[in-house]
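Before any comments, here is the structure.
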Amino acid sequence: MGRKSSKDAILDAAERVIRRQGMAGTTIEAVAAEAGVSKGGLFYHFQNKKDLLLQLLERHGTQFNTLRREIMETLPDGPHRLLKATILASVMHPAKKTTHPSNVVTLLDDVELREKILQMKKDVFEEITAGYPNPERV
Numbered sequence: 087m088g089r090k091s092s093k094d095a096i097l098d099a100a101e102r103v104i105r106r107q108g109m110a111g112t113t114i115e116a117v118a119a120e121a122g123v124s125k126g127g128l129f130y131h132f133q134n135k136k137d138l139l140l141q142l143l144e145r146h147g148t149q150f151n152t153l154r155r156e157i158m159e160t161l162p163d164g165p166h167r168l169l170k171a172t173i174l175a176s177v178m179h180p181a182k183k184t185t186h187p188s189n190v191v192t193l194l195d196d197v198e199l200r201e202k203i204l205q206m207k208k209d210v211f212e213e214i215t216a217g218y219p220n221p222e223r224v
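This note's numbering applies: residue 87 is where the sequence shown begins, and numbers increase by one.
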């Protein structure tokens with residue numbers, strides 16, 4: 087496995103800072119210091135704090151979906167296989183510490199971030215309910 091990219095190292099640093107200081111207490115300066123890069127190095131990959139958070143959310147979504155697929159492959163076939171995998175991935179996903187409700191509430195103050203979170207949740211819900219005969223009743 088190769089060396090992590092600077093962008094991934096910054097995203098990892100952002101997660102650590104958010105866990106320690108909460109979303110509201112997370113600053114670009116703190117993330118840059120944690121990642122061992124200059125603010126300019128951080129701004130090379132991210133336009134601002136909001137862009138950093140959006141990309142962190144996207145990475146969490148990708149990691150969650152990968153974990154969910156891996157779990158699903160281990161489960162026996164059945165009508166609730168995807169639902170079980172989703173629940174297990176929700177419990178096991180390491181981002182649950184970063185996406186603690188107090189941190190998510192802070193994100194919800196921003197319309198674009200809120201819409202991103204809601205769309206990710208909607209996509210998961212639609213995938214789960216697609217296999218049911220009357221998904222509108224789920």
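Using N, Cα and C, we set each Cβ at its ideal position, and we do this for glycine too. Keep in mind that this is a model prediction, so the values were computed, not measured.
6 Å CB neighbourhood of residue i in its chain, flanking five on each side removed
i      : result
Val249 : Here the chain has residues from 87 to 224 only, and residue 249 is not among them.
Lys294 : Residue numbering for the chain in the displayed model covers 87 to 224; residue 294 lies beyond these limits and cannot be assessed.
Cutoff 8 Å; reference residue i; Cβ partners in own chain excluding five residues on either side
i      : result
Lys125 : Ile114, Glu115 and Ala118
Val123 : Ser92, Ala95 and Ile96
Arg155 : Ala171
Residue environment, residue i, which counts as buried when at least 16 other CB atoms sit within 10 Å
i      : result
Met178 : exposed
Pro187 : Bear in mind that the predicted position of Pro187 carries a pLDDT of just 48, short of 50, making it unreliable; the figure below should be weighed with that in mind. So Pro187 counts as exposed.
Thr112 : buried
Phe132 : buried
From the options, residue whose alpha carbon lies closest to that of residue i
i      : options                   : result
Leu139 : Arg200, Phe211 and Asn151 : Arg200
Residues near residue i by beta carbon distance below 7 Å, same chain, minus five either side
i      : result
Ile157 : Ala171, Leu174 and Ala175
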